[in-house]
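Peer 1: Following this message is one structure expressed as C-alpha cells.
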Amino acid sequence: RTLRTTTTDANGERGMATAMSMRVLRARGGSASASTVGSGRPRSRPARERFLAAAPLARRGRRGTTRTIKEAAGDEDFKDVVFVARAISSVSGEEGRGGSDRSSSGNGSSGNGGQGAGDETGRSPHQPYVFKTDARVVAIGDLHGDLHKTVSVLKLAGVLEVSKEGQPVWCGGDTVVVQVGDILDRGDHEIQILHLFLRLKEQAKEEGGDVFLLNGNHESLNICGDFRYVTSGGFRESARVAGLPPEMASRFQAQLKARIALFAPGGPIAQELANSYVALQINDTVFAHGGIMPHHVDYGLGKLNEEMSRWMRGEKGSRSPILAMGSPDSVLWCREYSREMWNSPVDRNRSCAILSKTLDRIGANRMVVGHTPQERGCNCACEGKIWRIDVGMSSGVCNAPAQIIEIQPPAEGSSASSHITVISAEEAFPKGLA
C-alpha cells in the first residue's frame, strides 16, 4: 500500500494531507512507501490506526476513556524542558473528550454568541464566542514553537511562575489571556507550548481567570498535512508524543507518519485544536489571527467557529471552511489591516473604512490581530481600531523581544472604551510608534 491509501478518509480531507506530506517526504529524500516502519512487510492497517493503537495516546484508562496527549507527553523521553513536562504529566488523562472549553468562561464571564439545543457531545450548533469580564485581558501574538519565549511572555504578562519543583503555576488571578494563534511551525516545541497553555487554563479557571487560544493559519496548514514549516525538532517531538520507540522515532518516515496521525482531522492534537477559536470577542474587543472582514460577519462568526471545530474533529460530512482558512482574505490569512505602512493614503483610508464597517456590524470598538510580524512592535492604526501584536518574537521568525498588550475594561457603567497598554520585555522597539 502507499501512504495515499493509509490516510485518506471518507470526506476526502486527508487526501489533501497525504499529497502534501508525500511532497515533504520526497523533498527530504525519503521513500513514499507506507510499509511498516523498520521492516519490509506491508501494513495490515492504515497508518493512523496503527500508530494510535500502538501509542500511549490510545491506551484505555480506568473508565474506558482514551488517554489524552497531556498524559502521554509526560513520558521520560519527552522531557526536553523539565517544568513543562512535569506539569503535563501531572494532568489526568481520564477526563474524556465530550465537553468543550467554550461552554463557559472564568471570572463570571458570560457568553452570548448564540446557543442551540446541543448534541450528544454537549456542543451546541453555534458555540458562544462573545464574553464579558471585569478583569484585565492580556493578548499574546504568534509564538511559533519557541517555548522559552513563550515562558518569557507569560512571565511578562504576570500570569506564570515556576515552583521550586519546576512546575508552572498560574499567578494571574482573574486575568484573561488570549493567544491569537500560530503556536505551530518554525520551532521545536509546538506541542509542549500547547499543553503549557492547557495546563495554565485549568489553573486559571480555578481562580476566576481564563486562557483562550485562537487558531492561526499554521494550525490549519498542519491539519491539512502541509508540513513545509515544521522543523526537524518539531517532527521529532511528534514522534515522541505518538509514543514511538527511540529506534523508530529517529527516522524521518516514522516522524512524518506520526505527525500525520496526530494532526489529521480527528487526530489527538487536531481534537485539542478544535477547541480553539477562529474569532473571539471579549467586551468591546474582537480577536482574530489575520483579520475579520464584513463578509465574514455576514456569514456568521459563530458558524465559522463551529465549522472549523467540526472539520478538525473529523466529523462525518464536515469540510474545511473556506471563509475561515481557504483564501487570502479568509480570517486566518487576511492582511488587510496589518500593513505598517500603506502604499498611499487612499489605501489606508480604504482599509480603515472596511475595518470600521466590520466593527460596526460586530458591535466592537477594536480588533486585535497577529499573523503579520511588525518591525516596530505592537502598534495600532485607524485611530486605535486595529492593533497588530505579532512582533516576530519566535527565534524561528525574528527573535524579537517578548511584547504583549494589556486591555483594561472601562469602569462599570461607564461609556468609555477599554484602555490598552503595550508591555515590553525591554526597550527594543522605537518609542512613539504604538
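In terms of the numbering used here, the numbers along the sequence shown are unbroken and rise by one, the last being 603.
Glycine is no exception: its CB is placed at the ideal position from the N, C-alpha and C atoms.
These figures come from a predicted structure and were not determined experimentally.
1. By how many angstroms is the C-alpha of D559 removed from the C-alpha of S587?
2. Kindly indicate which residue of A443, C503, F396 has the alpha-carbon position closest to the one of I461.
3. Excluding the 5 residues preceding and the 5 following V193 in the sequence, name in chain order all residues of the same chain whose CB lies nearer than 6 angstroms to its CB.
4. Among the residues of its own chain, which have a CB less than 6 angstroms from the CB of N534, if the five just before and after it don't count?
5. Is there contact here, the region 540-555 with the region 463-470, by at least three beta-carbon pairs under 8 angstroms?
6. Could you tell me the alpha carbon to alpha carbon distance between M494 and L473, rounded to whole angstroms?
7. Since Q572 sits in a beta bridge, which residues does DSSP pair it with?
8. Keeping to the same chain, check which residues put their C-beta closer than 8 angstroms to that of R530; ignore five residues upstream and five downstream.
9. Hey, quick one: how far does the beta strand (DSSP E) through R535 stretch, first residue to last?
10. I'd like to check one pair, L492 with E505: are the Cβ atoms closer than 9 angstroms?
11. Please go through the same chain and pick out, in chain order, the residues whose beta-carbon is closer than 7 angstroms to the beta-carbon of T527, but skip the five residues on each side of it.
12. Using 8 angstroms as the cut-off, can you tell me whether the region 437-453 makes contact with the region 477-487, which would need three or more C-beta pairs spanning the two stretches below that distance?
13. Answer yes or no: do W339 and V322 have a C-beta to C-beta separation smaller than 9 angstroms?
14. Rounding to the nearest angstrom, what Cα-Cα distance links G471 and P490 in this structure?
15. Thinking F381 and L449 are a contact (beta carbons under 8 angstroms), I'd like their distance in whole angstroms, please.
16. Please report the distance separating the alpha-carbon of D351 from that of V331.
17. For S564, which of L353, T344, E334 has the nearest alpha-carbon?
18. Just checking my contact of R168 with V538 at CB under 8 angstroms: how many whole Å lie between their CB atoms?
19. Candidates K324, V346, K318, L312: which alpha carbon is nearest I576's?
20. I want to know whether the region 361-380 touches the region 311-320 - three or more CB-CB distances under 8 angstroms.
21. Can you give me the start and stop residues for the beta strand (DSSP E) that E330 sits inside?
22. Run the CB neighbour count on A580, radius 10 Å, all protein chains shown included, and call it buried at 16 or more, exposed below.
23. Could you tell me the distance, in whole angstroms, from the CA atom of S513 to the CA atom of S520?
24. When we look at the beta-carbon of H387 and count the other beta-carbons within 10 Å, is it buried (16 or more) or exposed?
25. Do you know how far the Cα of Y398 is from the Cα of R409?
26. Compute the beta-carbon to beta-carbon distance between I589 and I574, rounded to the nearest angstrom, for a pair I have assumed lies under 8 angstroms.
27. For E406, count neighbouring Cβ atoms within 10 angstroms of its own Cβ and tell me buried if that reaches 16, exposed if not.
28. With C-beta atoms as the reference, is I309 less than 9 angstroms away from Q348?
29. Thinking C-alpha only, which one of G341, S584, L325 is nearest A304?
30. Candidates P434, A571, I555, H458: which alpha carbon is nearest D498's?
31. Are there 16 or more other CB atoms within 10 angstroms of the CB of S584, so buried, or fewer, so exposed?
32. So, is V455 buried or exposed, given that buried needs 16 or more other C-beta atoms within 10 angstroms?
33. Please state whether DSSP places F396 in a helix, a strand or coil.
34. State the DSSP-derived secondary structure class of C340, mapped to helix, strand or coil.
Peer 2: Short version:
1. In the sequence shown, the residue the question calls residue 587 occupies position 418. In the sequence shown, the residue the question calls residue 559 occupies position 390. Roughly 20 angstroms between the two C-alpha positions.
2. Taking the first residue of the sequence shown as position 1, residue 461 is located at position 292. It is C503.
3. Position 24 of the sequence shown, counting from 1, holds the residue named residue 193. A caution first: V193 carries a pLDDT of 49, below 50, which makes its placement in the model too unreliable to give a value.
4. Sequence index remark: in the sequence shown, residue 534 carries index 365 (1-based). Here the set comprises D453, S586.
5. They do not touch, by the three-pair rule.
6. Locating residue 494 in the sequence shown gives position 325, counting from the first residue. Locating residue 473 in the sequence shown gives position 304, counting from the first residue. Taking the straight line joining both Cα atoms gives about 10 angstroms.
7. Your numbering for residue 572 matches position 403 in the sequence shown. Q572 pairs with S593.
8. Here residue 530 refers to the residue found at position 361 of the sequence shown. Closer than 8 angstroms at the Cβ level, and outside the excluded window around R530, lie P463, V466, D467.
9. Looking up residue 535 in the sequence shown gives position 366. Taken as a continuous stretch (DSSP letters only), the beta strand (DSSP E) holding R535 covers 535-538.
10. Locating residue 505 in the sequence shown gives position 336, counting from the first residue. Locating residue 492 in the sequence shown gives position 323, counting from the first residue. No, Cβ-Cβ distance for E505 and L492 is not below 9 angstroms.
11. Indexing the sequence shown from 1 puts residue 527 at position 358. Cβ within range, chain order: I461, M462, P463, V466.
12. yes
13. Working through the sequence shown from its first residue, we reach residue 339 at position 170. Working through the sequence shown from its first residue, we reach residue 322 at position 153. No. Outside cutoff.
14. As a first step, residue 471 must be located in the sequence shown, where it is residue number 302. As a first step, residue 490 must be located in the sequence shown, where it is residue number 321. C-alpha separation (whole angstroms): 12 angstroms.
15. What you label residue 381 is simply residue 212 of the sequence shown in a count that begins at 1. What you label residue 449 is simply residue 280 of the sequence shown in a count that begins at 1. With 8 angstroms as the limit, F381 and L449 qualify as a contact, their Cβ atoms being about 6 angstroms apart.
16. Within the sequence shown, numbered from 1, the residue matching residue 351 stands at position 182. Within the sequence shown, numbered from 1, the residue matching residue 331 stands at position 162. A straight-line Cα-Cα distance of about 24 angstroms links D351 and V331.
17. By one-based count along the sequence shown, residue 564 stands at place 395. Nearest C-alpha to S564 among L353, T344, E334: L353.
18. With the chain represented from 170 up to 603, any question about residue 168 goes unanswered, as that position is not in the structure.
19. In the sequence shown, residue 576 corresponds to position 407, counting from 1. Among K324, V346, K318, L312, the Cα nearest to that of I576 is on V346.
20. yes
21. Translated into positions along the sequence shown, residue 330 becomes position 161. Start and end: 329-331.
22. For the purposes of this step, residue 580 is identified with residue 411 of the sequence shown, where counting begins at 1. Classification for A580: exposed.
23. Within the sequence shown, residue 513 is the residue found at index 344, counting from 1. Within the sequence shown, residue 520 is the residue found at index 351, counting from 1. Their Cα atoms are separated by approximately 11 angstroms.
24. By 1-based counting over the sequence shown, the position of residue 387 is 218. The residue in question, H387, is buried, as its Cβ has 16 or more Cβ neighbours within 10 Å.
25. Locating residue 409 in the sequence shown gives position 240, counting from the first residue. Locating residue 398 in the sequence shown gives position 229, counting from the first residue. Spanning the two alpha carbons is a distance of roughly 19 angstroms.
26. Within the sequence shown, residue 589 is the residue found at index 420, counting from 1. Within the sequence shown, residue 574 is the residue found at index 405, counting from 1. Confirmed, about 6 angstroms.
27. Residue numbering aside, residue 406 sits at position 237 when the sequence shown is read from its first letter. Its Cβ being crowded by 16 or more others within 10 Å, E406 is buried.
28. Stepping through the sequence shown from its first residue, residue 309 is reached at position 140. Stepping through the sequence shown from its first residue, residue 348 is reached at position 179. In contact: I309 and Q348 (Cβ atoms closer than 9 angstroms).
29. Numbered from its first residue, the sequence shown carries residue 304 at position 135. Out of G341, S584, L325, G341 has the C-alpha closest to the C-alpha of A304.
30. To locate residue 498, count along the sequence shown from 1; it is residue 329. If we check each option's Cα against that of D498, H458 comes out closest.
31. Here residue 584 is taken as the residue at index 415 of the sequence shown, counted from 1. Exposed, because fewer than 16 other Cβ atoms sit within 10 Å of the Cβ of S584.
32. The residue labelled residue 455 in the question sits at position 286 within the sequence shown. Buried is the call here.
33. Start at 1 with the first residue of the sequence shown, and residue 396 comes out as number 227. F396: coil per DSSP, three-state reduction.
34. The residue given as residue 340 occupies position 171 in the sequence shown. C340: coil per DSSP, three-state reduction.
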